[in-house]
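These protein sequences, in sequence, are chains A and B.
Numbering-wise (our numbering), the first sequence opens with residue 550 and increments by one.
Numbering-wise (our numbering), the second sequence opens with residue 550 and increments by one.
Note that beta-carbon positions come from the ideal geometry of N, C-alpha and C, so glycine has one too.
Structure record follows, encoded as structure tokens.
Number of protein chains: 2
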Amino acid sequence: MTKSTDGPRRRRSPKGEHRREEILDAGMRIFARGGYSSASIASVAEEVNLTLPGLLHHFPTKVDLLLAILERRDINSLALVGSLDGNWRETLKGLCRVNRANTEIPGVVRAFSILNAESLIEDHPAVGWFSTRLAGVRERLAGGIRRGVEAGEVRADIFPEDIAAEIIGMMDGLQVLWLRAPGQTDIVAIFDGYIDRLIHDLEVKS
Amino acid sequence: MTKSTDGPRRRRSPKGEHRREEILDAGMRIFARGGYSSASIASVAEEVNLTLPGLLHHFPTKVDLLLAILERRDINSLALVGSLDGNWRETLKGLCRVNRANTEIPGVVRAFSILNAESLIEDHPAVGWFSTRLAGVRERLAGGIRRGVEAGEVRADIFPEDIAAEIIGMMDGLQVLWLRAPGQTDIVAIFDGYIDRLIHDLEVKS
DNA sequence: GTCTATAGGAGGATAGAC
DNA sequence: GTCTATCCTCCTATAGAC
């Protein structure tokens, strides 16, 4: 009853909790360099000055480590997801802010870009997470656009789900281009320009 | 002088040449399932009813096999690249045709989507190929749009390189979404709709 | 909570016969 | 051109001491 209740909180000692966070940070860095399958958890252990068994005490398997990293990302991005519920124009502008903020954390973007494609592999441990996440973001985005249609602000001859998929595809695709050639890709200007045109095209002409 | 001249042609026996093609096809299928690093060349050998050393006779290392697959893709896509040189509107419509044709070969799209992101990894054997390819396609695309500007058909206040990057990002990103949820993503309709709006937005208003 | 030591397995590549 | 047999390296994970 004291240990088997594995809720989101209720962790061990403060020191262990701190170690846990360190390991998650290091894991993110390692996965950012090589994705999941080609990365070794031994290198993660090395990054935090632990031996391999020492690390495995906190995360029994490599999959556990990956899922913990993904889970933490979910929690951290709740604030951003919250911004998907207001006015449709604000929603799209919010995505521009997310995109801009992402340029400050290329390591995180890198890890998730690689993991995103890698999770297309059958039986990859992250398939579930990315599928669920995609469905959720797409539904929220489509919902925002749909409310714009219902409010008479957005053209009624478009499909909100398709527009949502288009936007997500653009964000993800641009990130890969940006990571490959950062100096030649002004991802902020490109995405802002795209969203500006999209807003203009979606608006009901007055 | 007879063997050391390793030009693009000049292969061994007809039977060997046939085997070579079989192996490349099988390699594509295997990489489509798991990308490069998590795939084993032994499974490729199994697909063509060869032992591992038997396969390594044709491609000495795993990297050689990967590069041969990429090289062949280059040759096969020359026809498509050729279509990037005409009128800017036709160029963009040509991309729609490529996108539509891609829905017929999900295996190839899958392999290249995974490899594309995987090659972001430092020292990945495919970095060079994807970098060169991206630079080439982007330059050709931007060139087409630039000629549209010079012809007075396209607005002069846009950056052709940025628009080119935007389009490539959209194509690549949509492919990942489509591969993850094929039934819920009408990639042809979405990309066609995007290109239609883009053409409209780029046109100089008359 | 962290260590040493080690089991156990998979994958890439080579040597040499046919 | 294809095989059998083998080597070596790297990785995940476990056992058990401190």
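Integer-rounded CB distance, given that residue j should sit under 8 Å from residue i
i, j, result
"L633 of chain B", "I744 of chain B", "Not a contact, Cβ separation roughly 14 Å."
"E671 of chain B", "Y585 of chain B", "With a Cβ gap of about 14 Å, E671 of chain B and Y585 of chain B do not count as contacting."
"V703 of chain B", "W637 of chain B", "6 Å"
"V658 of chain A", "N665 of chain A", "Going by Cβ atoms, the distance from V658 of chain A to N665 of chain A rounds to 10 Å, so no, they are not a contact pair."
"G660 of chain B", "M577 of chain B", "Per the sequence shown, the amino acid found at residue 660 of chain B is Ala instead of Gly. Yes, A660 of chain B and M577 of chain B are in contact; Cβ-Cβ is about 6 Å, under 8 Å."
"Q724 of chain B", "S662 of chain B", "5 Å"
"D780 of chain A", "D750 of chain B", "The first residue shown for chain A is 550 and the last is 755, placing residue 780 of chain A beyond what the model contains."
"D735 of chain A", "I739 of chain B", "About 24 Å separates the two Cβ atoms, so there is no contact after all."
Residue i versus residue j - alpha carbon distance
i, j, result
"K642 of chain B", "G701 of chain B", "19 Å"
"H606 of chain A", "R568 of chain A", "11 Å"
"S562 of chain B", "P731 of chain B", "42 Å"
"A581 of chain B", "I654 of chain B", "11 Å"
"E752 of chain A", "I694 of chain B", "26 Å"
"L690 of chain B", "E566 of chain A", "51 Å"
"E570 of chain B", "L599 of chain B", "14 Å"
"Q733 of chain A", "G692 of chain A", "34 Å"
"S626 of chain A", "V676 of chain A", "19 Å"
"P674 of chain B", "L616 of chain B", "8 Å"
"T610 of chain A", "K754 of chain A", "56 Å"
"G742 of chain A", "S587 of chain B", "38 Å"
"R696 of chain A", "N648 of chain A", "23 Å"
"R682 of chain A", "A591 of chain A", "29 Å"
The ligand COA heavy atom lying under 7 Å from the CB of residue i
i, result
"H606 of chain A", "The ligand content of the structure shown is nil, which means the ligand COA is not present either."
Simplified DSSP state of residue i, which is helix, strand or coil
i, result
"E653 of chain B", "coil"
"V703 of chain A", "strand"
"I670 of chain B", "coil"
"L633 of chain B", "coil"
"G584 of chain A", "coil"
"F498 of chain A", "Any answer about residue 498 of chain A is impossible in this case: the structure gives chain A only from 550 up to 755."
"D745 of chain A", "helix"
"T640 of chain A", "helix"
Terminal residues of the alpha helix (DSSP H) in which residue i lies
i, result
"E688 of chain A", "V676 to E699"
"E752 of chain A", "E752 of chain A -> no alpha helix (DSSP H), and no H or E assigned at all."
"N625 of chain B", "K611 to N625"
"V597 of chain A", "First-last for V597 of chain A: undefined, no H or E at that position."
"D721 of chain A", "P709 to R729"
Chain B contact residues for residue i, given Cβ-Cβ distances below 7 Å
i, result
"G583 of chain A", "I670"
"T652 of chain A", "Under the 7 Å cutoff, chain B gives no residues; its nearest Cβ is about 15 Å from T652 of chain A."
"D706 of chain A", "Ordered by position in chain B, no residue passes the 7 Å Cβ test against D706 of chain A, which lies about 10 Å from the chain."
"R746 of chain A", "D750"
Proximal residues of chain A, C-beta to C-beta of residue i below 9 Å
i, result
"D741 of chain B", "Result: empty, since nearest Cβ-Cβ is about 10 Å, beyond 9 Å."
"V698 of chain B", "Result: empty, since nearest Cβ-Cβ is about 15 Å, beyond 9 Å."
"W598 of chain B", "Note on residue identity: the sequence assigns Asn, not Trp, to residue 598 of chain B. Here the premise fails: no neighbours, minimum Cβ distance about 23 Å."
Closer than 8 Å at the beta carbon, the chain B residues around residue i
i, result
"R659 of chain A", "L669"
"L683 of chain A", "L726, R729 and A730"
"N665 of chain A", "A666 and V725"
Within chain A, partners of residue i - CB distance below 7 Å
i, result
"G718 of chain B", "M719, G722, L723 and L726"
Partners in chain A for residue i, counting only beta-carbon separations shorter than 8 Å
i, result
"F514 of chain B", "There is simply no residue 514 of chain B to check, as chain B begins at 550 and stops at 755 in what is shown."
"E595 of chain B", "Simply none; closest approach about 17 Å."
"S662 of chain B", "A666 and L669"
Contact list for residue i against chain B, beta-carbon separation under 9 Å
i, result
"A714 of chain A", "L723, L726, W727, A730, Q733, T734, D735, I736 and I739"
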